[in-house]
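Input: a single structure, listed below in structure tokens.
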Amino acid sequence: MSSQVPSDLKYAKSHEWVRVAGDVATIGITDHAQHELTDVVFVELPAVGRKVKAGEACAVVESVKTASDIYSPVSGEIVEINKAVADNPALTNTAPYGDGWFYKVKLAQPGEVNSLLSPGDYSKQIG
Amino acid sequence: MLKRTPLYSTHQKLGGKLIEFGGWEMPVQYTSIVDEHLAVRNAAGLFDISHMGEISVSGSGAGDFLNSLFTNNIRKLTAGQGQYTLMCNERGGVIDDLYAYCLDPNNFLIIINASRIDEDVAWLQSQWATFARRDEVQLRNVSDQFGAIAVQGPKVAKFIPEIFPEKAVNAVVTDLKKNQIAQFKFEGEPVYVARTGYTGEDGFEIVTVPELLIPIWNKLLEAGQPFGLKPCGLGARDTLRTEVCYPLYGHELDEATTPIEAGVGFFVAMDKGDFIGRSVLAEQRANGTKKKLVAFKMTDKSAPPRPHYPIWSSGPEASKIGEVVSGTQSPSLSVGIGMGYVPPEFGKVGTAIEIEIRGKRSAAAIVKKPIYQKS
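Read top to bottom, the protein sequences are chains B and S. So the first sequence is numbered by the working numbering: it starts at 975 and just counts up by one. So the second sequence is numbered by the working numbering: it starts at 3 and just counts up by one.
What follows is the structure, given as structure tokens:
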């Protein structure tokens, strides 16, 4: 089963995706990651207003089997979280790039985005 | 180097996700723990349990030898019967929990935990060496000569006769009652089939030589699929046993924990005569214990509880009272569940407790065991 890797997103090695619009980045976990985790039963999101650094653990995804840290691919301030995914964690499995997004960050260093993986490079990593 | 069962290539073909367990490379899941778990609750599931150990104990002194080591009374077993039992050290701590089958009065098959094979064998050998009638007892670790498959779930009895169509001692396979074992034939070869399991559902465990495992597995898969049978990994095995509060060695049980503390005193036969650990267990049964295994359910929306999370009392003077030993999201109940050790005064059903999850405490309540009961 091959995982989806949308061509309009950037990716972190730790399996998060980033969608940039202006100076705000939306972040979630990839189709490959949700497939590896399976059965997501709980998502813990960071508080709005929290400042995060790229590479910092700032969310937790729990499957039946285990808890996994989710790292912020970029630095900045959390400006919005997806309450829908907190209420219905299965969205992580069913719509990882859509309704299953996790949080939005106001970018502190927009240039960081350039050092993230392209869809092609991420596909190679999980291939 | 991790050990692999004879079904390793089968797990790979089926897309099983392999992990380390007790020194073995085993499938944790094939598709999804929840799907596999629910298949067992509603239909059927197939498990490779070849990592488990087997010990053969035979001879005219075998029964007496085992009765001096095990907590349950092996003399209650007639040929073809099995029982859950425990083996304790002098302090009453559990060396292993196991299944003992009486094949005939001088011939016992002992099924032990994968992670405890070395310890069990060493203990049995050291006890054998000082057993007065040791020349009447033959002890053999046959773990490498046997593999095993568990097929579990309410629909299993509908298709297992296809795999074992012939009668054994005038009984068809579905005539076996819970905890009974008999030798059946598969393609002319002898196979032990017991009506036992670790899921809380009806089911069978099949113990046989490694060469027969793949053909039996494939035939069960084929016969069971129309009934909804799925191959299941250790992930579902763990959530299933946690829902029905079956202990897992290394979680609920260890060498510093007694069967009385673990709530399996039912399998301790005080009236059968002496056995190792008896005096400690008798004292605990009379005077109580300092810790008690309890089952709990989360009552707040929270992340699932996990092993080693602290358990707190509830209320204004809350304090840390224990630790979670098993915990997961219950696929049957869709709520966080677990077991843990607390002082007995907190063990009453209905008592409010809190589970500390990543520094934050969430409300839970002590519930009756088993946590999940078939409606």
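Yeah, the Cβ is synthetic: ideal placement off N, Cα and C, and Gly gets one too.
Beta-carbon proximity check, S:Trp26 vs S:Ala116, cutoff 8 Å: yes
Below-8 Å beta-carbon distance, S:Ile35 vs any chain B residue: yes
Under 9 Å by beta carbon: chain S residues contacting B:Lys1057: Per Cβ cutoff of 9 Å: no residues; B:Lys1057 is ~13 Å from chain S at best.
is_contact[S:Ala305, chain B] using C-beta, thresh 8 Å: yes
CA-to-CA distance, B:Val1059 to B:Asp1073, given in whole angstroms: 7 Å
Assigned secondary structure, S:Pro368 (DSSP; H/G/I helix, E/B strand, else coil): According to the sequence shown, residue 368 of chain S is Ile rather than Pro. Here S:Ile368 sits in strand by DSSP.
Residue span of the beta strand (DSSP E) that contains S:Gln31, given as start and end: 26–31
Contact set between S:Gln31 and chain B, taken where Cβ atoms lie within less than 8 Å: Thr1012, Lys1039
Same chain, Cβ closer than 6 Å to S:Gln378, neighbours up to 5 away in sequence not counted: In the structure displayed, chain S extends from 3 to 377; residue 378 of chain S sits before or after that span and is not available.
Cα-Cα separation between S:Asn143 and B:Asp1013, rounded to whole angstroms: 39 Å
Proximal residues, the segment 299–333 of chain S versus chain B, C-beta separation under 7 Å: Ala305, Pro306, Arg308, Thr330, Gln331, Pro333
S:Phe298 vs S:Gly342 beta-carbon contact at 8 Å: yes
Distance CB(S:Ile112)-CB(S:Glu56) smaller than 8 Å: yes
Status (buried if at least 16 other CB within 10 Å, exposed otherwise) for S:Gly190: exposed
Which residues DSSP lists as bridging B:Ile1001, in chain order: B:Val992, B:Tyr1077
Residue-level contact to chain B via CB, S:Gly47, 8 Å cutoff: no
Near-chain S residues of the segment 995–1020 of chain B - C-beta to any C-beta below 7 Å: Thr1012, Asp1013, Val1015, Phe1016, Glu1018
Cα-Cα separation between B:Ala1031 and S:Thr33, rounded to whole angstroms: 28 Å
Nearest-angstrom Cα separation, counted from S:Ala367 out to S:Pro307: 12 Å
Where the beta strand (DSSP E) through S:Val270 begins and ends: Careful: S:Val270 lies outside any beta strand (DSSP E) and carries neither H nor E.
Cβ-based burial, S:Arg93 [other Cβ within 10 Å; buried from 16]: exposed
Other residues of its chain near B:Ala1022: CB distance less than 7 Å, five sequence neighbours each side excluded: Here residue 1022 of chain B is Val; the residue named in the question, Ala, does not match the sequence. Around B:Val1022: Ile1052, Val1053, Glu1054, Ile1055.
CB contact check: B:Glu1030 to chain S, cutoff 8 Å: no
Closer than 8 Å to chain B by CB, S:Arg360: yes
Those residues which DSSP pairs with S:Leu100 across a bridge: S:Thr87
Cβ-based neighbour list, S:Ser328, same chain, cut-off 7 Å, excluding 5 preceding and 5 following: Thr244, Leu250, His253, Glu254, Pro309, Gly340, Met341
Cβ neighbours of S:Arg135 in the same chain (closer than 6 Å, five flanking residues each side left out): Gly63
Straight-line gap, S:Tyr10 to S:Ala305 (C-alpha atoms, nearest Å): 33 Å
For S:Glu347, the three-state DSSP class (helix, strand or coil): helix
Length-filtered (4 minimum) alpha helix (DSSP H) runs lying within the segment 218–272 of chain S: 236–245
Within chain S, partners of B:Glu1036 - CB distance below 9 Å: Ala305, Pro306, Arg308, Gln331
Alpha helix (DSSP H) runs wholly inside the segment 101–168 of chain S, at least 4 long, in chain order: 119–131, 158–165
Neighbourhood of S:Trp125 by C-beta, 6 Å cutoff - its chain only, sequence neighbours within 5 removed: Ile97
Contact the segment 228–243 of chain S vs the segment 209–217 of chain S: 3+ CB pairs below 8 Å: no
B:Pro1047 burial status per 10 Å Cβ neighbour count (16 or more: buried): buried
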